[in-house]
């Protein structure tokens, strides 16, 4: 672990910095709109530190019902805990370190595409059974506010299109984050344009 804040009186006494950095990276990578705000849970082992739980991605990868997301920007900078932690350069350094490490294998395009393809193969005819029950969501004649993305043009009309959308989103998001992960340093450094005050 690289960053840890003030070890004597800072938040790093209570939370696992590396786990929080990985949580930030994974949720930002998949643009999980709930992360850090809703469906956000933490746990603590006996005599251990608080750790976040990675889960609930139904609102990730441009699947948020109310508006579209593209591959640009960081969203968690506005979430309560993470907005504050990003003010600590040691935490931001840890986020950048974790991103670069995860991108080499777990979050690589190749690994994620292989995982998607292996999951499809594993599901086999369960995909067809699911379509028989819920395939109506690919029919855009009776759009409602619960089962469809807004605006309606965002909805895909086949399983294959939906899978390709996820792969495209992963590729585009990864490329953007590869180029921009270091911009998170702006949240922990004083602006060059800050007004100098003489008192």
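Numbering (our numbering), first residue to last: 166 to 364. Ideal Cβ placement from N, Cα and C applies to all residues, glycine included.
* Asked: Once you ignore the five residues that flank residue 221 on each side, which residues in its own chain have a CB closer than 7 Å to its CB?
  -> Start at 1 with the first residue of the chain shown, and residue 221 comes out as number 56. Cβ within range, chain order: 199 and 204.
* For residue 219 versus residue 176, is the C-beta spacing smaller than 8 Å? -> In the chain shown, residue 219 corresponds to position 54, counting from 1. In the chain shown, residue 176 corresponds to position 11, counting from 1. Cβ atoms of residue 219 and residue 176: not closer than 8 Å.
* Per DSSP, the bridge partner or partners of residue 180 -> For the purposes of this step, residue 180 is taken as residue 15 along the chain shown, with counting starting at 1. According to DSSP, which records beta bridges pairwise, residue 180 is partnered with 215.
* Asked: Taking the continuous beta strand (DSSP E) assigned at residue 287, which residues delimit it?
  -> For this step, residue 287 is matched to residue 122 along the chain shown. It is not in any beta strand (DSSP E) - residue 287 instead sits in the alpha helix (DSSP H) that spans 274-288.
* To do: Would you kindly work out how many angstroms separate the C-alpha atoms of residue 237 and residue 292, rounded to a whole number?
  => What you label residue 237 is simply residue 72 of the chain shown in a count that begins at 1. What you label residue 292 is simply residue 127 of the chain shown in a count that begins at 1. So the alpha carbons of these two residues sit roughly 31 Å apart.
* Asked: Counting pairs of Cβ atoms below 8 Å between the region 224-231 and the region 331-341, do you hit three or more?
  -> yes
* To do: Please state whether DSSP places residue 348 in a helix, a strand or coil.
  => Within the chain shown, numbered from 1, the residue matching residue 348 stands at position 183. In the structure shown, residue 348 falls within a helical segment according to DSSP collapsed to helix, strand and coil.
* To do: Helix, strand or coil for residue 231, going by three-state DSSP, please let me know.
  => Here residue 231 corresponds to residue number 66 of the chain shown, with the count starting at 1. Three-state result, residue 231: coil.
* Asked: Distance, Cα to Cα, residue 340 vs residue 235?
  -> The residue labelled residue 340 in the question sits at position 175 within the chain shown. The residue labelled residue 235 in the question sits at position 70 within the chain shown. When rounded, the distance between both Cα atoms is 12 Å.
* To do: Would you identify the three-state DSSP class for residue 301, choosing helix, strand or coil?
  => Working through the chain shown from its first residue, we reach residue 301 at position 136. Of the three classes helix, strand and coil, the one that applies to residue 301 here is helix, per DSSP.
* Of all the options 195, 217 and 190, which has the alpha carbon lying nearest to the alpha carbon of residue 179? -> Working through the chain shown from its first residue, we reach residue 179 at position 14. Closest by alpha carbon: 217.
* Buried or exposed: which applies to residue 338, given that a residue is buried once 16 or more other Cβ atoms fall within 10 Å of its Cβ? -> One-based indexing of the chain shown puts residue 338 at position 173. Buried, by the Cβ-count rule.
* Just the Cα atoms here: how many angstroms apart are residue 246 and residue 297? -> The sequence position of residue 246 within the chain shown is 81, counting from 1. The sequence position of residue 297 within the chain shown is 132, counting from 1. The straight-line gap from Cα to Cα measures roughly 42 Å.
* Asked: Quick one: Cα of residue 263 to Cα of residue 190, how far?
  -> Here residue 263 corresponds to residue number 98 of the chain shown, with the count starting at 1. Here residue 190 corresponds to residue number 25 of the chain shown, with the count starting at 1. The straight-line gap from Cα to Cα measures roughly 7 Å.
* Asked: So, are the CB atoms of residue 214 and residue 253 less than 8 Å apart?
  -> Position 49 of the chain shown, counting from 1, holds the residue named residue 214. Position 88 of the chain shown, counting from 1, holds the residue named residue 253. No.
* One or two residues paired with residue 264 in a DSSP bridge -> As a first step, residue 264 is located in the chain shown; it is residue number 99 there, counting from the start. According to DSSP, which records beta bridges pairwise, residue 264 is partnered with nothing at all.
* **Pairwise C-alpha distance: residue 294 and residue 369** => The requested residue 369 is not part of the displayed model; the chain covers only 166 to 364.
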